[in-house]
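A short worksheet on the structure shown next.
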Amino acid sequence: MNNPWGKLTGIRPAKIATKLLDRGMNDEQVIDYFVTECGTEHDKAALALECAKALIPARENMYENGVSLYIGIPFCPSRCLYCSFVTNGTKQAAKLMPDYVEALKKEIAYTADIVRRNKNIIETVYIGGGTPTSLSSELLDSMLSCLESEFDLRKVKEFTVEAGRPDTIDAQKLEVLKAHGVDRISINPQSMNDETLRVIGRAHSAQDIRDAMALAHSLGFDNINMDVIAGLPGESLEIFRYTLEEVEKLGPTDTTVHTMSVKRSSRLNEYLSDYDLTDGATAAKMVDFARGFLADRGKRPYYMYRQKNQLGNLENVGYSKPGYESLYNLYIMEEIQTIISLGCGGVTKTVDRATDRIERIFNVKEPKDYILRLDEMLHRKDVLTGAEPDFRHRISEFRREL
Ligand code: SF4
Numbered sequence: 024m025n026n027p028w029g030k031l032t033g034i035r036p037a038k039i040a041t042k043l044l045d046r047g048m049n050d051e052q053v054i055d056y057f058v059t060e061c062g063t064e065h066d067k068a069a070l071a072l073e074c075a076k077a078l079i080p081a082r083e084n085m086y087e088n089g090v091s092l093y094i095g096i097p098f099c100p101s102r103c104l105y106c107s108f109v110t111n112g113t114k115q116a117a118k119l120m121p122d123y124v125e126a127l128k129k130e131i132a133y134t135a136d137i138v139r140r141n142k143n144i145i146e147t148v149y150i151g152g153g154t155p156t157s158l159s160s161e162l163l164d165s166m167l168s169c170l171e172s173e174f175d176l177r178k179v180k181e182f183t184v185e186a187g188r189p190d191t192i193d194a195q196k197l198e199v200l201k202a203h204g205v206d207r208i209s210i211n212p213q214s215m216n217d218e219t220l221r222v223i224g225r226a227h228s229a230q231d232i233r234d235a236m237a238l239a240h241s242l243g244f245d246n247i248n249m250d251v252i253a254g255l256p257g258e259s260l261e262i263f264r265y266t267l268e269e270v271e272k273l274g275p276t277d278t279t280v281h282t283m284s285v286k287r288s289s290r291l292n293e294y295l296s297d298y299d300l301t302d303g304a305t306a307a308k309m310v311d312f313a314r315g316f317l318a319d320r321g322k323r324p325y326y327m328y329r330q331k332n333q334l335g336n337l338e339n340v341g342y343s344k345p346g347y348e349s350l351y352n353l354y355i356m357e358e359i360q361t362i363i364s365l366g367c368g369g370v371t372k373t374v375d376r377a378t379d380r381i382e383r384i385f386n387v388k389e390p391k392d393y394i395l396r397l398d399e400m401l402h403r404k405d406v407l408t409g410a411e412p413d414f415r416h417r418i419s420e421f422r423r424e425l
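Each residue of the sequence shown is one higher than the one before, starting from 24 at the first, in this note's numbering.
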């Protein structure tokens, strides 16, 4: 099978480009390394290099003792065909949500104490999932109020909340986000073709996306990311082109172009033969089109990653207008800052920048488990204080349990 990345199998090609630049290579030498040593196509090597170069200003301005916070909200209105995350449909999970938020507030308070003792500065906050705006405005307000009172957020440079599904957004929720200092949101169409939205199990239309964007803009959100997927079942290059054209009319500052990947635990994988999957060559044309189309609109690639089983062995790329590169996306993809993760499915990653050593602390994935085993989740975070002497042993123990 054709692999435009050659023998590179890792998920972070841009990280390799960053390391080569750090070793003093110039642009040409970096590209040459990818092409000759890894068998990467020239165009993909240039993409990795462009993303690596986007990191440079962000890295220079990082706080000395900065960390980022991630909070996971594992609820969505329905499960998308291709999704492998643990998400709990909002109707069934409605009873669980208040208990989940209460548990989360305890983890927020516990972690804030550790952050204070470590004298860390919170640099970015990212609330993802799932779809965080699946929570009611009251629960969102309660969680964000707790976050604000426990952590010192005065030096936060970027505060993102994923409001991915338009069917979870209303003025009240967006006003709550605004009141708590959220300055970046994500509204994700994936496709602007109604038939595709139906096929992939999204309970909304393309018009709902337009309405949600208009509402968000009217309430003062001026930094909005939109995600699309190249290679959704049944989509041709023409439909993908239409999606991108429609999305760009809505004025997102940041457009993330994912390539369809067939995840092991997705419904798509289970019923694969029922769907008309796009072939790798067409998916490649879609991502090439996106790159040129977005470049013509002043957007540059700034972060990228690859996943298993992506059509055509392609990649996911975030494109933004200059100055709108998401710091959180850069930090997490390039693994240059400790990210402390709270809530279900959270993976805390500690990064020692001097040695490049990375350690992980896992939270459980199911909300019911999280609520029941909260004390254990809290104590897992004790390693962040350095109080736990056998860190690596404990981490492998956590992995076995999961
Ligand atoms: S919105 Fe995202 S997390 Fe929720 S079901 Fe769809 S893919 Fe999964």
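Cβ atoms here follow ideal geometry from the backbone N, Cα and C, with glycine treated the same way. Every value quoted in this text rests on a predicted model; they were computed, and no experiment measured them.
Any idea if residue 304 is buried or exposed, counting beta-carbon neighbours within 10 angstroms, 16 or more meaning buried?
For this step, residue 304 is matched to residue 281 along the sequence shown. Residue 304 comes out exposed.
May I ask you to verify whether the region 287-297 touches the region 305-324, counting CB pairs closer than 8 Å and requiring at least 3?
no
Under a three-way DSSP split, which group does residue 165 fall into?
One-based indexing of the sequence shown puts residue 165 at position 142. In the structure shown, residue 165 sits in a helix (DSSP, three-state: H, G or I).
Label residue 181 either buried or exposed according to how many other C-beta atoms from any shown protein chain fall within 10 Å of its C-beta, with 16 as the threshold for buried.
Taking the first residue of the sequence shown as 1, we reach residue 181 at position 158. That one is buried.
According to DSSP, simplified to helix, strand and coil, what is residue 190?
Counting from one through the sequence shown, the residue named residue 190 turns up at place 167. Three-state result, residue 190: helix.
Can you tell me whether residue 342 is buried or exposed? The criterion is at least 16 other CB atoms within 10 Å of its CB, across all chains shown.
Residue numbering aside, residue 342 sits at position 319 when the sequence shown is read from its first letter. By the neighbour-count rule (16 or more Cβ atoms within 10 Å), residue 342 is buried.
Residue 61 Cβ short of 7 Å to the ligand SF4 heavy atom set
Taking the first residue of the sequence shown as position 1, residue 61 is located at position 38. For the ligand SF4, not one heavy atom lies less than 7 Å from the Cβ of residue 61.
So, are the CB atoms of residue 91 and residue 41 less than 8 Å apart?
As a first step, residue 91 is located in the sequence shown; it is residue number 68 there, counting from the start. As a first step, residue 41 is located in the sequence shown; it is residue number 18 there, counting from the start. In this structure, residue 41 does not lie closer than 8 Å to residue 91 by Cβ.
Rounded distance between the beta-carbons of residue 326 and residue 37, thought under 8 Å
As a working note, residue 37 is residue 14 in the sequence shown. As a working note, residue 326 is residue 303 in the sequence shown. About 7 Å separates the two Cβ atoms, so the contact holds.
Tell me which residues share the same chain as residue 232 and place their Cβ nearer than 6 Å to its Cβ, disregarding the 5 neighbours each side in the sequence.
Numbered from its first residue, the sequence shown carries residue 232 at position 209. 189, 212.
Strand pairing of residue 281, partner residues [DSSP]:
Here residue 281 refers to the residue found at position 258 of the sequence shown. The partner list for residue 281 (beta bridge, DSSP) reads 252.
Taking all protein chains shown into account, decide if residue 423 is buried (16 or more other Cβ within 10 angstroms of its Cβ) or exposed.
The residue you call residue 423 lines up with position 400 of the sequence shown. Note that residue 423 has pLDDT 40, beneath the 50 cutoff, so the model's placement of it is unreliable and the number below is only indicative. Classification for residue 423: exposed.
Enclosing beta strand (DSSP E) for residue 324 [first to last residue]:
What you label residue 324 is simply residue 301 of the sequence shown in a count that begins at 1. Residue 324 -> beta strand (DSSP E) spans 323-328.
Let me know the secondary structure DSSP gives residue 103 once reduced to three states.
The residue labelled residue 103 in the question sits at position 80 within the sequence shown. DSSP places residue 103 in coil when its eight states are reduced to three.
Do three or more CB pairs link the region 342-355 to the region 267-277 at distances below 8 Å?
yes
According to DSSP, is residue 154 helix, strand or coil?
Mapped onto the sequence shown, residue 154 falls at position 131. Correct three-state label for residue 154: coil.
Give a yes or no on whether the C-beta atoms belonging to residue 201 and residue 242 are separated by under 8 Å.
Numbered from 1 along the sequence shown, position 178 holds the residue referred to as residue 201. Numbered from 1 along the sequence shown, position 219 holds the residue referred to as residue 242. Yes, Cβ-Cβ distance for residue 201 and residue 242 is below 8 Å.
Exposed unless 16 or more other CB atoms sit within 10 angstroms - verdict on residue 294:
Walking along the sequence shown from the start, residue 294 turns up at place 271. By the 10 Å Cβ count, residue 294 comes out exposed.
DSSP-derived helix/strand/coil call for residue 308:
Counted from its first residue, the sequence shown places residue 308 at position 285. Here residue 308 sits in helix by DSSP.
Confirm the yes/no value for this check: CB of residue 99, any heavy atom of the ligand SF4, distance under 7 Å.
Taking the sequence shown and counting its residues from 1, one reaches residue 99 at position 76. Flag set: Cβ of residue 99 near the ligand SF4.
Assign residue 360 to one of three DSSP states: helix, strand, or coil.
Along the sequence shown, one-based indexing puts residue 360 at 337. Reduced to three states, the DSSP call for residue 360 is coil.
Just to check, is the beta-carbon of residue 153 closer than 7 Å to a non-hydrogen atom of the ligand SF4?
Translated into positions along the sequence shown, residue 153 becomes position 130. Checking the Cβ of residue 153 against the ligand SF4 gives yes.
Closer than 7 Å to a non-hydrogen atom of the ligand SF4 - does that hold for the CB of residue 187?
Counting from one through the sequence shown, the residue named residue 187 turns up at place 164. For the ligand SF4, at least one heavy atom lies less than 7 Å from the Cβ of residue 187.
Classification of residue 227 by the beta-carbon crowding that lies within 10 angstroms, buried from 16 upward
Position 204 of the sequence shown, counted from the first residue, corresponds to residue 227. So residue 227 counts as buried.
Distance between residue 28 and residue 335 (C-alpha atoms, nearest Å)
Locating residue 335 in the sequence shown gives position 312, where the first residue counts as 1. Locating residue 28 in the sequence shown gives position 5, where the first residue counts as 1. Each residue's alpha carbon lies about 10 Å from the other.
Following the continuous alpha helix (DSSP H) through residue 292, name the residue where it begins and the one where it ends.
The residue labelled residue 292 in the question sits at position 269 within the sequence shown. Residues 290-293.
If we require 3 or more residues per run, which beta strand (DSSP E) segments fall completely within the region 338-388?
339-343, 362-366, 370-375, 380-385
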